[in-house]
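**Q**
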Amino acid sequence: MKIESVETAYYRLPLEPMGDAGHGAIDTEELITLTLRAEGLTGNGYTYTIGRGGRAIKTLIDHDLAPLVTGEDADDIEGLWDLMWRRLLYVGRGGLASFAIAAVDVALWDLRGEKEGRPLYALIGAEPREIPAYGSGVDLPKPLDDLLEQVEGFMERGLPGVKVKIGRPDFEEDVQRVAAVRELVGDGVDLMLDANMVWNAEDALEHGRRLETFDPFWYEEPTIPEDVPAHARMVTELTVPIAVGESLHSPYEFQRYADEKAVEVLQIDPITNGGITASLKALRTADEAGLQTSSHYTDELSAHLLCASNSPVYLEKHAFALDPYLQEPQKVENGKVRPTETPGTGLRFDESALEPHRAG
Ligand SMILES: [Mg+2]
Numbered sequence: 419m420k421i422e423s424v425e426t427a428y429y430r431l432p433l434e435p436m437g438d439a440g441h442g443a444i445d446t447e448e449l450i451t452l453t454l455r456a457e458g459l460t461g462n463g464y465t466y467t468i469g470r471g472g473r474a475i476k477t478l479i480d481h482d483l484a485p486l487v488t489g490e491d492a493d494d495i496e497g498l499w500d501l502m503w504r505r506l507l508y509v510g511r512g513g514l515a516s517f518a519i520a521a522v523d524v525a526l527w528d529l530r531g532e533k534e535g536r537p538l539y540a541l542i543g544a545e546p547r548e549i550p551a552y553g554s555g556v557d558l559p560k561p562l563d564d565l566l567e568q569v570e571g572f573m574e575r576g577l578p579g580v581k582v583k584i585g586r587p588d589f590e591e592d593v594q595r596v597a598a599v600r601e602l603v604g605d606g607v608d609l610m611l612d613a614n615m616v617w618n619a620e621d622a623l624e625h626g627r628r629l630e631t632f633d634p635f636w637y638e639e640p641t642i643p644e645d646v647p648a649h650a651r652m653v654t655e656l657t658v659p660i661a662v663g664e665s666l667h668s669p670y671e672f673q674r675y676a677d678e679k680a681v682e683v684l685q686i687d688p689i690t691n692g693g694i695t696a697s698l699k700a701l702r703t704a705d706e707a708g709l710q711t712s713s714h715y716t717d718e719l720s721a722h723l724l725c726a727s728n729s730p731v732y733l734e735k736h737a738f739a740l741d742p743y744l745q746e747p748q749k750v751e752n753g754k755v756r757p758t759e760t761p762g763t764g765l766r767f768d769e770s771a772l773e774p775h776r777a778g
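Just so you know, we're using this note's numbering here: the sequence shown kicks off at 419 and counts up by one.
1. Between the C-alpha atoms of L698 and D528, what's the straight-line distance to the nearest angstrom?
2. From this set, T758, G753, T460, Q745, which residue's C-alpha is nearest S770's C-alpha?
3. Does the segment 614 to 625 come into contact with the segment 596 to 604, if we say contact requires no fewer than three beta-carbon pairs (one atom in each stretch) closer than 8 Å?
4. Could you check the C-alpha separation between P704 and L724 for me, to the nearest Å?
5. Starting from R617 and walking both ways along the beta strand (DSSP E), at which residues does that stretch end?
6. Using 7 Å as the cut-off, classify the Cβ of H714 as near or not near the heavy atoms of ligand 1, replying yes or no.
7. Between the alpha carbons of W499 and F672, how many angstroms are there, rounded?
8. When you compare only the Cα positions, how much space is there between S668 and V646?
9. Whole angstroms are fine: how far does the CA of T488 sit from the CA of Y637?
10. Using 10 angstroms around the beta-carbon of V556, count the other beta-carbons present and answer buried if the total reaches 16, otherwise exposed.
11. Nearest to Q594 by alpha carbon, out of P561, N618, E570, M573?
12. On the criterion of 16 or more Cβ atoms from any shown chain inside 10 Å, does R455 qualify as buried, or is it exposed?
13. How many Å lie between F635 and T695 at the Cα?
14. Work out the CA separation of H441 and L501 for me, nearest whole Å.
15. If I measure Cβ to Cβ from Y428 and keep anything under 8 Å in the same chain, skipping five residues before and after, which residues do I get?
16. Determine the closest residue to T465 out of V755, L719, L566, T631, with distance taken between C-alpha atoms.
17. Taking the beta carbon of R530 as the centre, do at least 16 other beta carbons fall within 10 Å, making it buried, or is it exposed?
18. Going by DSSP, what residue range makes up the beta strand (DSSP E) through R600?
19. Can you give the Cα-Cα distance for D494 and E655, rounded to whole angstroms?
20. To test your reading of the DSSP string, which unbroken beta strand (DSSP E) runs of 3 or more residues are found completely within the segment 619 to 700?
21. Can we count E639 as close to ligand 1, meaning its CB is less than 7 Å from some heavy atom?
22. Using the DSSP secondary-structure output, state which residues sit across from T711 in a beta bridge.
23. Going by DSSP, what residues sit across from P550 in a beta bridge?
24. Quick one: give me the first and last residue of the alpha helix (DSSP H) that T453 is part of.
25. Might you give, ordered along the chain, the residues of its own chain that have their beta carbon closer than 7 Å to the beta carbon of R430, omitting 5 neighbours on each side?
26. I'd like to confirm something about N691: is its beta-carbon nearer than 7 Å to some heavy atom of ligand 1, or not?
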């Protein structure tokens, strides 16, 4: 199928003000939708940011990737991923380039689903399965009472796990907040902790030891992703599993973490990782290394992709829900999610809901 056109649109979606230790205050999600046409069929892709970089990503797609893939064979998804990666290599190897490649790659998978009349999980050779979902707050600035109210909301939705942010300027506040959340949820709910890369290696290790007292399910992004040895040391020295993945922007970075035994729960995000093609490689890396897997945001795509993993422990129900802008928001039933059954990704934006947020 010859690719005939690639078009994008840029939106600024307002968020309830939130924040974490690594990325600071967040009040906007940038969404770039992508429409790819080939021989009468349409593939829908998208990419997102947490408020910055989106216009540059749209420009990369419009000026570099769209002309590159137009006229090429849409059926060769892996070949096109490779072409996009190599042609952006000089300015890429991750970063914005991965976010741009992801938008095209998601559209190509969606197009394949349209063509074959099969949902994404079937395209990737997986059986549909139910995956437990956890409630995830971007809640570092919240006063303790508001934090506990949010966690209660997750429990009322029947979610078997909750995640809170850590990394307050005074670490003793983190300890108090985590203690209060553990007391609220009891022992029967899994509690994940996410530092968003804020600490140096020594502090991350020391804080991890303190926080282990509260029996966390995992300890996420305790320090910068570039410091793979520090993560490997934490895997060895801490009992709490180390989780990373949202800040890894290529299959090569996942492979390095696995090779250096620097991760225990590998988290995919098919946008930040560089596309569905890239996240599938990351999941294979996890299987080969015997690692557990989870997801970051991308609730709808990840419900399909995690079906292809040997040990998917959780899907993240993220604070940035796209629900208000989707034709069919993802359902959570008995604390679990399932992939959609419609052809392709199943992710369809409601254009009329997006339109007021269209920006230049
Ligand atoms: Mg995180």
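We put the CB at the ideal spot given by N, CA and C, even for glycine.
**A** According to the structure shown:
1. 15 Å
2. Q745
3. no
4. Residue 704 is actually Ala in this sequence, not Pro. Computed Cα separation, rounded: 11 Å.
5. Residue identity differs from the one stated: residue 617 is Trp in this sequence, not Arg. Premise fails: W617 is in no beta strand (DSSP E) and is neither H nor E.
6. yes
7. 17 Å
8. 15 Å
9. 43 Å
10. buried
11. P561
12. buried
13. 28 Å
14. 31 Å
15. E448, L449, I450, G472, R473, K476, R776, A777, G778
16. L719
17. buried
18. Here R600 belongs to no beta strand (DSSP E); instead the alpha helix (DSSP H) covers 589 to 603.
19. 44 Å
20. 636 to 638, 660 to 662, 683 to 686
21. yes
22. L684, P730
23. K754
24. Careful: T453 lies outside any alpha helix (DSSP H), inside the beta strand (DSSP E) at 442 to 456.
25. T446, E448, H775, A777
26. no
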